[in-house]
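Note sheet for the following structure.
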Amino acid sequence: MLRELDIRNFAIIDNLTVSFTEGLTVLTGETGAGKSIIIDAVNLLAGGRGSQEFIRHGASKAEIEGLFSIEDDKHPVFRKMEELGIDFADGDVLLRRELNDKGKNVCRINGKLVTISILREVGGALIDIHGQHETQELMDEKRHLHLLDQYAGKSLFKAKASYSHTYEKYTKLKRDFASYNENEQQIAQRIDLLTFQLREIDAADLIAGEEEELSLERKKLQNFNKIYESVAAAHEAIQGESKGLDWVGSAMSELEHAASVDETYQSHSEMVNSSFYQLQDTATEIKRMLDLMEFDPSRLNEIEQRLATIQTLKRKYGASVEDILLYHETQTDELDKLLNRDKRLQLDQQKLKELTEDLKIEAEELMLLRKKAAVRLSKDIMEQLRELHMGKAAFEVVFEPLAQGKFDRNGGDAIAFHISTNMGEPLKPLTKVASGGELSRMMLALKTIFSKHQGITSIIFDEVDTGVSGRVAQAIAEKIAAISVHSQVLCISHLPQVAAMADQHLFIEKRIEKKRTITAVHELDGRERTEEMSRMLSGAEITELTLQHADELLKLAKDRKLAMR
Numbered sequence: 001m002l003r004e005l006d007i008r009n010f011a012i013i014d015n016l017t018v019s020f021t022e023g024l025t026v027l028t029g030e031t032g033a034g035k036s037i038i039i040d041a042v043n044l045l046a047g048g049r050g051s052q053e054f055i056r057h058g059a060s061k062a063e064i065e066g067l068f069s070i071e072d073d074k075h076p077v078f079r080k081m082e083e084l085g086i087d088f089a090d091g092d093v094l095l096r097r098e099l100n101d102k103g104k105n106v107c108r109i110n111g112k113l114v115t116i117s118i119l120r121e122v123g124g125a126l127i128d129i130h131g132q133h134e135t136q137e138l139m140d141e142k143r144h145l146h147l148l149d150q151y152a153g154k155s156l157f158k159a160k161a162s163y164s165h166t167y168e169k170y171t172k173l174k175r176d177f178a179s180y181n182e183n184e185q186q187i188a189q190r191i192d193l194l195t196f197q198l199r200e201i202d203a204a205d206l207i208a209g210e211e212e213e214l215s216l217e218r219k220k221l222q223n224f225n226k227i228y229e230s231v232a233a234a235h236e237a238i239q240g241e242s243k244g245l246d247w248v249g250s251a252m253s254e255l256e257h258a259a260s261v262d263e264t265y266q267s268h269s270e271m272v273n274s275s276f277y278q279l280q281d282t283a284t285e286i287k288r289m290l291d292l293m294e295f296d297p298s299r300l301n302e303i304e305q306r307l308a309t310i311q312t313l314k315r316k317y318g319a320s321v322e323d324i325l326l327y328h329e330t331q332t333d334e335l336d337k338l339l340n341r342d343k344r345l346q347l348d349q350q351k352l353k354e355l356t357e358d359l360k361i362e363a364e365e366l367m368l369l370r371k372k373a374a375v376r377l378s379k380d381i382m383e384q385l386r387e388l389h390m391g392k393a394a395f396e397v398v399f400e401p402l403a404q405g406k407f408d409r410n411g412g413d414a415i416a417f418h419i420s421t422n423m424g425e426p427l428k429p430l431t432k433v434a435s436g437g438e439l440s441r442m443m444l445a446l447k448t449i450f451s452k453h454q455g456i457t458s459i460i461f462d463e464v465d466t467g468v469s470g471r472v473a474q475a476i477a478e479k480i481a482a483i484s485v486h487s488q489v490l491c492i493s494h495l496p497q498v499a500a501m502a503d504q505h506l507f508i509e510k511r512i513e514k515k516r517t518i519t520a521v522h523e524l525d526g527r528e529r530t531e532e533m534s535r536m537l538s539g540a541e542i543t544e545l546t547l548q549h550a551d552e553l554l555k556l557a558k559d560r561k562l563a564m565r
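First residue of the sequence shown? That's 1 in full-length UniProt numbering, and the numbers climb one at a time after it.
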C-alpha cells in the first residue's frame, strides 16, 4: 500500500505530506481544489510523462516521494529490485522523482538512481491508475489475452510455459532455416570469405597465451645490455676482490672467534655463516648465467614478426589470441553448415515439421484451457455487470484463430472481448460499442475480479464515477469498496455514495497564503465528515435534513462494508 506521499513545488502544491491507510481512501473537494493534481503526482511516481509545466511557479524543481509498504515478501516488485541490485528491507519501497526547470528528471528507488523506464517498471507493479477518460487495457484488444490469462491463473501457467519454450525453439529453427534459403551467390561468396579467413588463421598456427610470452621475451631481448650490465655489476659487488663476500667472510671469522668465548654470539655467528655460503652459491649461479647470456638479434627480429602477424589477425578477428581462436571455432561451424546445407536442410526440415506439430498440439491445449477460463470469466463478469445495473448486457470472449499454420508467442489464437449493452443487439467488440459510463462499469467489473490476483498494491480511480447517479452510483460505490478489500484504493469522487464507503476521507481545498494559492489536505472524521457528505448531497447549503441523510448514508455504508469483510 501507499503509506505516505510527499509533494513539494508541484503545480499549486507548495509542500504537502499525506498519510494513507489501508482499504478505501476517498478524496473529495470543490472542482479545481487540486484533487487530480495529487493523482498526477502519484502518476509521475509510476513513471508517467513529466513536464516543466508541473513545476510550481518560482521554483527550480518539483519533488515527489512515495513510501510503499508491501507485506508479501514474494511480491514481483522485490524480484525485480533484486535483479536491478536495489536494496530493500522491511517490505518498504521508496520511490522518488524530481523534475527541474531544465527539463531533466532524476529518479530514485530506495535511494538508488534509476532510469525513467526502470521507475515505470517498478512503479507500474505498485500503482494502477484509471482516469475518467482512460480505460487502458480494455481499449487495447492486444491486452485482452493477457487479462484472460491472468484470470486463468495457475491452471494455465504450466501449459503456457511449455508452449513458450517450444515456441522459442521453433522461431530459432525458422531463422536458421531461412538463412539456408539465401541467394546462392551470397552463399558462395560467404563460403569463399570464410574459407579465406580460416586459412589465414590456420596458417598462423596460433597458441593460446603465446602473445604474452612473446611480449615478455621481446622485453628481455630489448633490454639485454642493461640486464647483462646489472647482473655483472651484482656479481662483482659480491665476488670481487675486497667486495661483499670478502667482508662477510671477515665478519664470519670474527663472530666465530667471539662465539668461542661467549655463547651469546653463537646464533649471530651461525646466521652470518649461513649468509656467507648462500652468497657464495648465488655468486657462482650468477657467474654461470653470465657465461650463458648471449644476445641473438635474429631471435628479436623473429619475435617482432610473429607479434606483427598476431596484431594483424587481432585487427581482423578479435581482441586477443583467445578471441581469434574462438572466432575460428564459430566460423568453422558456420562453414560446415554452409558446405553441408543440403543435408542440414533436410534435417532441419524434419525438425521444423516435428516442432510445428508439437507447437500445434500445445497451442490447442492453451486454447482449450483459455476457452474454459473464458466461460468462467464471462459468467463472473455478467454477475458483476448485473450488480452494476447492466443486467441486459451480454459479454463473451471471442476467439479468432491466427492465419493457417501461424503462431505467435501467445499461441495460435487472438481474442477480443465482445459485449452487447442492450437486449436484442448483437455482440460487438467492446472497444467499439461501449460508452464511457459502460466502459467504467466494465472496468470496475474486471477490477473486482482481478484485484485478488494482480498483486497491485494501490489502485487509483480518478472520477470514474462521473455522470452516474441513483442505483448505479450505489452499485459503483460498492464495487470500489469490494476492490479495496484486496488492494488499497484511492478514489477521487463527487458521489456521496462512494465517499460514504471510505475507510479514510480526505478533503482537498485551496487556500490563499501570502498571496499565493496552495492546496491543503484535511482528514475528515465525525461531524466534519457528516457535513462534507451533506454538502455533496445537496450542494453548498447544509440543512438538518441533509445532515440526517448524510448520517443515514454513512450508517448504511458501514453495514455494507461489514458484510463485505
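For each residue, glycine too, the CB sits at the ideal point set by N, CA and C. Keep in mind that this is a model prediction, so the values were computed, not measured.
* To do: Verify whether the separation of the beta carbon atoms of Leu24 and Ala502 is less than 8 angstroms.
  => Yes, Cβ-Cβ distance for Leu24 and Ala502 is below 8 angstroms.
Meets three-Cβ-pair contact criterion under 8 angstroms: the segment 352–364 and the segment 166–176: Counting Cβ pairs under 8 angstroms, three or more are found: they touch.
### Query
Should Ala208 go down as buried or exposed, given a rule of 16 or more other Cβ atoms within 10 Å for buried?
exposed
In chain order, what residues of the same chain have a beta carbon less than 8 angstroms from the beta carbon of Leu148, not counting five sequence neighbours either side? Arg370, Ala373, Ala374, Leu377, Val397, Ile415
CA-to-CA distance, Phe450 to Leu113, given in whole angstroms: 32 angstroms
Discussion item. In this structure, how does DSSP classify Arg8 when only helix, strand and coil are distinguished?
Written reply: strand
Review point. When we look at the beta-carbon of Asn422 and count the other beta-carbons within 10 Å, is it buried (16 or more) or exposed?
Key: exposed
- Query: For Glu212, is the classification buried or exposed, using 16 other Cβ atoms within 10 angstroms of its Cβ as the cut-off for buried?
  - Reply: Burial state of Glu212 is exposed, judged by a 10 Å Cβ sphere holding fewer than 16 other Cβ atoms.
Exercise. When we look at the beta-carbon of Phe196 and count the other beta-carbons within 10 Å, is it buried (16 or more) or exposed?
Worked result: exposed
Problem - Burial state of Val489, where buried means 16 or more other Cβ atoms lie within 10 Å - result: buried
- prompt: Roughly how far, in whole angstroms, is the beta-carbon of Lys80 from the beta-carbon of Ala125, given that I think they are within contact range, below 8 angstroms?
  reply: 7 angstroms
- By a C-beta neighbour count over all protein chains shown, 10 Å radius and 16 as the cutoff for buried, is Asp559 buried or exposed? exposed
Open item on the list: I want to see whether chain D comes within less than 8 angstroms of Gly244, judged by CB atoms only; does it?
Closed with: As a matter of chain content, chain D is missing from the structure shown, which is built from one protein chain.
_Cβ-based neighbour list, residue 566, same chain, cut-off 8 angstroms, excluding 5 preceding and 5 following_ = For residue 566 there is no data in the structure shown, the boundaries of the chain being 1 and 565.
Query raised in the report: If we ignore side chains and look at the alpha-carbon of each, how far apart do Leu439 and Met564 end up?
Result: Distance between the alpha carbons of Leu439 and Met564: 24 angstroms.
*Nearest-angstrom Cα separation, counted from Lys154 out to Leu547*: 49 angstroms
Checklist entry - Of the choices Gln350, Phe88, Leu335, whose alpha-carbon is the least far from that of Leu173? => result Gln350
- prompt: Within 7 angstroms: the Cβ of Ala234 and any heavy atom of the ligand ATP?
  reply: The model on display carries no ligand, and the ligand ATP is accordingly not part of it.
Open item on the list: Please return the same chain residues whose Cβ sits closer than 8 angstroms to the Cβ of Leu553, not counting the five positions on each side in sequence.
Closed with: Exclusion of the five residues before and after Leu553 leaves Pro496, Gln497, Ala500, Met533, Leu537 as the residues of its chain whose Cβ lies within less than 8 angstroms of its Cβ.
Inter-residue spacing [alpha-carbon to alpha-carbon] between Ile512 and Phe10: 16 angstroms
**Report entry** Beta-carbon proximity of Thr519 to Leu16, cut-off 8 angstroms
**Finding:** Using a Cβ distance threshold of 8 angstroms, Thr519 and Leu16 count as a contacting pair.
Problem - Nearest residue (CA-CA) to Glu304, options Gln404, Lys74, Leu216, Ser484 - result: Leu216
Next item on the list: Taking Leu119 and Gly47 to be in contact with their CB atoms under 8 angstroms, please state how far apart those CB atoms are, rounded to whole angstroms.
Entry: 5 angstroms
Discussion item. Closer than 8 angstroms is the cut-off here; do at least three beta carbon pairs connect the segment 51–58 with the segment 89–109?
Written reply: yes
Original post:
Based on the DSSP output, what are the partners of His494 in its beta bridges?
Top reply: None, per the DSSP bridge assignment.
Checklist entry - When you compare only the Cα positions, how much space is there between Leu194 and Tyr327? => result 11 angstroms
Discussion item. Quick check on the burial criterion: 16 or more other C-beta atoms within 10 angstroms. Buried or exposed for Met443?
Written reply: By the 10 Å Cβ count, Met443 comes out buried.
Pick helix, strand or coil for His165, following the three-state DSSP scheme. helix
- request: Could you check the C-alpha separation between Ala482 and Leu556 for me, to the nearest Å?
  value: Each residue's CA atom was taken as its position, placing Ala482 and Leu556 some 15 angstroms apart.
Pull up the distance between the alpha-carbon of His133 and that of Arg344, whole angstroms please.
Caution applies to His133, whose pLDDT of 45 falls short of 50 and renders its modelled position unreliable; the value that the coordinates give is listed next. The alpha-carbon atoms of His133 and Arg344 are separated by roughly 56 angstroms.
*Helix, strand or coil: how does DSSP classify Ile460 here?*
Of the three classes helix, strand and coil, the one that applies to Ile460 here is strand, per DSSP.
Under 8 angstroms between C-beta atoms of Phe78 and Thr457: no
I'd like the list of long-range same chain contacts for Ser36, defined as Cβ closer than 7 angstroms, with 5 residues on each side in sequence excluded.
Asp462, Ile492
query: By the 10 Å Cβ neighbour count, where 16 or more other Cβ atoms means buried, how is Leu156 classified, buried or exposed?
result: Buried, by the Cβ-count rule.
request  = Taking the CB atoms as reference points, tell me whether Pro429 and Ser420 lie closer together than 8 angstroms.
outcome  = no
Return helix, strand or coil for residue 617, following the three-state DSSP convention. The shown model of the chain, from 1 to 565, leaves out residue 617, and the question about it has no answer.
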